[in-house]
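Just so you know, the protein sequences line up as chains A and B, in that order.
Residues 1 to 409 (this note's numbering) are what the first sequence spells out, left to right.
Residues 1001 to 1409 (this note's numbering) are what the second sequence spells out, left to right.
All C-beta atoms, glycine included, are put in the ideal place defined by N, C-alpha and C.
A quick note: this is a predicted structure, and the numbers were derived from the prediction, not measured.
Structure record follows, encoded as C-alpha cells.
There are 2 protein chains.
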Amino acid sequence: MAEFNVDPYADLYARRASGMTASEVRALFSVASRPDVVSLAGGMPYVQALPTEHVLEVVESVLVERADVALQYGGGQGSPALRERLAMLMAEEDTSADPEDLVVTTGAQQALDLVGKVLIDPGDVVAVEAPAYVGALSAFSVYEPRFLQVDLDDDGMIVEQLEEALLRGERPKFVYTVPNFHNPAGVTMSRARREQLVALCREARIPIVEDNPYGMLRFDGEPLPTLRSLDRQNVIYLGTVSKVFSPGVRVGWAVAEPGVLQRLVLAKEAADLCGSQFTMLVTERYFGGELWRRNLGALVQTYRSRRDAMLTALEEHFPSDASWTKPSGGFFVWVTLPDYFDTPALLAAAVDRKVAYVPGTGFYPDGRGRQQMRLCFSYPTEERIAEGIRRLGELLADEEELFRSLSGA
Amino acid sequence: MAEFNVDPYADLYARRASGMTASEVRALFSVASRPDVVSLAGGMPYVQALPTEHVLEVVESVLVERADVALQYGGGQGSPALRERLAMLMAEEDTSADPEDLVVTTGAQQALDLVGKVLIDPGDVVAVEAPAYVGALSAFSVYEPRFLQVDLDDDGMIVEQLEEALLRGERPKFVYTVPNFHNPAGVTMSRARREQLVALCREARIPIVEDNPYGMLRFDGEPLPTLRSLDRQNVIYLGTVSKVFSPGVRVGWAVAEPGVLQRLVLAKEAADLCGSQFTMLVTERYFGGELWRRNLGALVQTYRSRRDAMLTALEEHFPSDASWTKPSGGFFVWVTLPDYFDTPALLAAAVDRKVAYVPGTGFYPDGRGRQQMRLCFSYPTEERIAEGIRRLGELLADEEELFRSLSGA
C-alpha cells in the first residue's frame, strides 16, 4: 500500500491555490537539464554570447560610483534614468513612451502578474491566443479568469474569431497577445491583422496587453508597427531586457496610461516593494553605452543560424505529414504532428533518447495541444540542434511504425 | 472650475484594485527625501557601512567564474547553495531549517505577497498586531481579507486578546507577527508570550507567519527563541538579507512545510519566474565568507549608538506627556502623543521644519494611530537624529501651546 503524507494545511489554502500543483512535465525537465540531453525545451537566451569583460566593466563602475544607491531600497516605479533608457529601447521599434508612464518590473513576467492583479476579477473573461504563452496563463490564472481562446495562423491571431466572439456577447476584460515571433507559435501578426485588432478593441473599449519580448530579434523581413504605436491609449505594453541583454538582471517593464499605471506601481510595491537597484543601475549603464548594439547584432546572427539549422534538420528528419512554423525572429518553432501522436505521453521516451521539447498542452488552458510541440533554437549550438532533431525524428519514425503495425495499416 | 481627467479604464479595474490610490503621505515623502530634511521616516538600512571593496570583490568573482549562470534564468525556488546559506543564517538564531523547505523571494515583501496569495480568500480573517507592519497590510490587502487586530504592549502581542477573539468565534486563516524589534512598535515578544502564542495556535490549528527581518540586530539583552524553533510544523518563517547585508540584492525567503512550500514556489514562478541569479550568487558568496560577521558587528554598534542618540534626544525635546518604546534592537521607536495631536495632519508642518516621520495611521487598517508616529534611527547620523528630534520637539511644543491657547487651558 502506498503511504500518504497528509498536508495539515489542506483545508486552509485559498481557492486560487487549490489547483497549484507541480506537473509531471516539470519532473521530466529536471532530468532534461543533464548535459547529455539536447534540450529544445526551455526558452533560454544564449547569454554566453555576452562579452563578460564588458558586463564586468559596467558592474564595477556601478559599484565604484553608486554603491550607496545600488545596495539600497529604491522607489517602486524604478529610477527615472532607467525608465528613460527603456523608453529609448521602445523607440528602437518606433514606439514612443513617456518614462512617466512606465513602471520597471521583475522581468515582463511580473508585469503579467500585476496586470492580472489590477484587472482580473474571478470569472472575468481574458482573451488569449491559442496557443498562448504559458507564463501569461500561469500569471493570469491566479486571478481566476475564464480564458477565451482565439486561434492563430501564419499571420498571427485570427481577429475575425475575436470579432465573432464579441458579437456572440463575450466581453473580455482585455486581449493578451504576443504579436512578434510568438511564444510558442513562432508566427508574427501581419500589419493588416494589427490594424484590425487595434480598431476592433478601440471600438469595443477592450484594452490590449501587448507582450513584446522578442521584437528586436528579427532575422529577416521588415519590422512591423507595435500595437502600442498604433493606439497608445488602449494598449498596455510589456517589454523586457531578458532577450536583448540578460534575464539575470530581472528587468522588464510595463507602459500604460496614468490610471492603470498608478495601480500597477502600487501593486508592484505591495508585491515586492521595489526591484534590485543594483541590477537596475547595471541595466541603465549597459544601455547607456553603444556596445549593446554590437552585442545584440551578434546575437541576432547566432539565432538566425540556429533557426536555419533547426528548419533544415526538421525537413530532413521529421515525418512528411508533420508541419511547422517558419519564424522570422525570436526563439521558437511550433510543430504539429499527425493525430496519432501524443506529445505529453511521448516526452519520457524523448528524454530517454536524450532530447527534450515542450508538449503543446501547456499552452492551451482547455487541454488541446496533444499533437503539438514547442522547439526552442536559441540555446543549443547548430550541431546540437541538428543532433536533437535527428533523435526526435527517429523517435517519431519508430512511433509511426508502431502505430501503423498496431492499426494494421 | 476644476478640470477632471477621466480614466477610460475606471470601470475595468478588479475589485481588489479599486482601493489602490496613492496617499497624501506619499506625496510628502518625496519632499522629505531632500537632503536638508532629516528623515526619521523611511526604514532604510545604513548600507554606507558596507565596505564597497569587499562587495566589489564578491561581485567580480561571481562574474568572472559564473557569468553564464549569473546572467541566465534560474529555478523558481532559488539555488540549493544559496538556500543552504540562508538556512545557515537561521541557524545563527538557533533555528533549524531544511534548505529543501525554503524558497528564495524578492525580499521578504514578496514572501508576504505569496503567503497572501496562497492562503487568503476574500473575506478570510487574518490576525495582525496593532500596530502592524504596513508592508504586510498592503501585501495581504490585495487578497481582500478582514483584519483582526491584536494589541501590543512592551512584551509584544497580547496573546490573551487573540485567545478571547478565538473564544468569540473568530477563525483567522493565519496569525502574522514580527516578534523581534517590531516594525513599527520597536517592542519584542517575551519568551512567555512566544510559548503562549505557539501553544494557542497549535491547539487551534491556525498557522503562524513569523516575519523576522531584524532578529540579528540585537543591541542588548539575551536572544529569544524564534517561533519557528518552538513549533516548526505550524510556523511559516520569513527572513531577508536586507538588514544584515543589502536590500539592493532583493533576497528574502520563506520556510514552510512541504504542502505550503510547493504552492509558494508555484506562486513565485507565476509572479516573476525566478529571482536574479546574479544577486543571488552575490548573496551566496557574501555569506560564504566570514567578513559578513565583522560587517554585521560594526553595523549593530552603529545602530545601537543611533538608538541611544534618539532616546536621549526624545527625553530632552519631547513633551513630558508623550511616551515611546525603548527598542533593544532593530530600527524603530514608536511614539504615542497626547490626544490633541494628530500626526497625519502634522506631517506637512514637520516637513516645513525639515524633519519627517511616519504617521501612525498607516499601521492600522481601522483608522487608529492619529496620536502615534514611527521614528526610524537606522539611517541618519547621531547628530542628524538629535537635530531631527529637536525640530520635531519644537513643533510639538508650538502645537501644544496653540492647543492650550485655543482651548483656554
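What does residue i pair with, by DSSP beta-bridge criteria?
i	result
B/F1363	Note: B/F1363 sits in no beta bridge, so no partner.
A/I389	Partner(s): none; A/I389 has no beta bridge.
B/F1331	Looking at the DSSP assignment, B/F1331 forms no beta bridge with any residue, so it has no partner.
B/F1174	B/V1126
B/S1039	B/A1356
B/L1238	B/D1211, B/A1254
A/T336	A/S323, A/Q372
A/V103	A/A254
A/R218	A/G329
B/R1146	B/V1125
Once the 5 residues before and after residue i are set aside, which same chain residues still bring their CB inside 7 Å of it?
i	result
B/A1070	V1062, L1063, Q1277, F1278, L1281
B/C1376	L1040, A1041, G1042, G1043, F1331, F1332
A/D151	A130, I158, Q161
B/I1206	P1172, F1174, V1175
B/R1306	F1377, S1378, E1382, I1385
B/A1256	D1101, I1236, L1264
A/M94	In the sequence on display, residue 94 of chain A carries Asp and not Met. For A/D94, where only same-chain residues beyond five positions count, the Cβ hits under 7 Å are P225, S229.
A/R202	D231, N234
A/D220	S328
Using C-beta distances below 6 Å, list every residue in its chain close to residue i, excluding the 5 sequence neighbours before and after it, in chain order.
i	result
B/D1124	P1145, K1173
A/R390	H317
A/M1	Note on A/M1: pLDDT 35, under 50, position unreliable in the model; the coordinate value appears next. Excluding positions up to five away in sequence, the list is empty.
A/P344	P359, T361
B/V1235	I1208, E1210, L1227, R1228
B/V1059	V1282
A/V55	none
B/V1244	M1216, L1296
Below 8 Å CB to CB, which residues in the same chain sit around residue i once its five sequence neighbours on both sides are set aside?
i	result
A/D398	none
B/A1192	D1155
B/W1253	G1078, R1083, L1086, L1102, V1103, V1104, T1105, A1108, A1111, L1238, G1239, T1240
A/V265	G76, Q77, V103
A/E3	Model confidence at A/E3 stands at a pLDDT of 41, short of 50, so the residue's coordinates are unreliable and nothing is read from them.
A/V38	K354, V355, A356, P380, R384, I385, E387, G388, R391
Members of the region 1112 to 1135 of chain B near chain A, C-beta cut-off 7 Å: Within the region 1112 to 1135 of chain B, the qualifying residues are D1113, K1117, V1118, L1119, I1120, D1121, G1135.
Beta carbons nearer than 7 Å to chain B: which residues of the region 165 to 185 of chain A have them? Listed by position along the chain: K173.
Against chain B, which members of the region 276 to 306 of chain A pass a CB distance test of less than 7 Å? Going along the region 276 to 306 of chain A in chain order, one finds S276, Q277, F278, T279 with a Cβ nearer than 7 Å to chain B.
Every unbroken beta strand (DSSP E) inside the region 1148 to 1211 of chain B [3 residues or more]: Positions of the beta strand (DSSP E) runs, each at least 3 residues long and wholly inside the region 1148 to 1211 of chain B, are given as 1174 to 1177, 1208 to 1211 in order along the chain.
Give the residues from the region 69 to 96 of chain A that approach chain B closer than 7 Å (Cβ to any Cβ), ordered along the chain. Cβ contacts with chain B: A70, L71, Q72, Y73.
Would you list, in sequence order, the uninterrupted beta strand (DSSP E) runs of no fewer than 3 residues that lie entirely inside the region 1244 to 1326 of chain B? Taking only runs of at least 3 residues, the beta strand (DSSP E) segments lying wholly in the region 1244 to 1326 of chain B are 1252 to 1255.
Could you check whether the region 1081 to 1100 of chain B touches the region 240 to 250 of chain A, counting it as contact only if at least three pairs of C-beta atoms, one from each stretch, sit closer than 8 Å? No: fewer than three Cβ pairs fall under 8 Å.
Does the region 1090 to 1105 of chain B come into contact with the region 1205 to 1223 of chain B, if we say contact requires no fewer than three beta-carbon pairs (one atom in each stretch) closer than 8 Å? Cβ pair count under 8 Å is three or more, so yes.
Entirely enclosed beta strand (DSSP E) segments - the region 1045 to 1117 of chain B, minimum 3 residues: If we require 3 residues or more, the beta strand (DSSP E) runs fully inside the region 1045 to 1117 of chain B come out as 1102 to 1105.
Of all the residues that make up the region 133 to 152 of chain A, which are near chain B by a beta-carbon distance shorter than 8 Å? Here the close residues are G135, S138, A139, S141, V142, Y143.
Residues in the region 34 to 55 of chain A having any Cβ partner in chain B nearer than 8 Å: Listed in sequence order: G42, M44, P45, V47, Q48, L50, T52, V55.
Between the region 1309 to 1320 of chain B and chain A, which residues of the former have CB atoms less than 7 Å from a CB of the latter, in chain order? So the list is empty, because no residue satisfies the distance condition.
According to a CB-to-CB cut-off of less than 7 Å, which residues of the region 331 to 364 of chain A neighbour chain B? Of all residues in the region 331 to 364 of chain A, none has a Cβ within less than 7 Å of some Cβ in chain B.
Pair every Cβ in the region 321 to 330 of chain A with every Cβ in the region 182 to 201 of chain A, then say whether three or more of these pairs are closer than 8 Å. With a cut-off of 8 Å, the region 182 to 201 of chain A and the region 321 to 330 of chain A count as touching, because enough Cβ pairs lie within range.
Which residues, in chain order, does the region 208 to 220 of chain A contribute to contact with chain B at a C-beta distance below 7 Å? Answer in chain order: no residues at all.
For the region 368 to 385 of chain A, which residues have a beta carbon sitting closer than 8 Å to at least one beta carbon of chain B? Against chain B - using a Cβ distance shorter than 8 Å - the region 368 to 385 of chain A contributes no residues.
Return the residues of the region 1227 to 1244 of chain B that lie within a Cβ-Cβ distance of less than 9 Å from chain A, sorted by chain order. Residues Q1233, N1234, S1242.
Between the region 368 to 375 of chain A and the region 287 to 307 of chain A, are three or more C-beta pairs nearer than 8 Å? No contact exists between the region 368 to 375 of chain A and the region 287 to 307 of chain A.
Residues within the region 193 to 207 of chain A neighbouring chain B, beta-carbon criterion of under 8 Å: Going along the region 193 to 207 of chain A in chain order, one finds R205, P207 with a Cβ nearer than 8 Å to chain B.
Contact residues within the region 387 to 398 of chain A, judged by C-beta distance below 9 Å to chain B: Within the region 387 to 398 of chain A, no residue qualifies.
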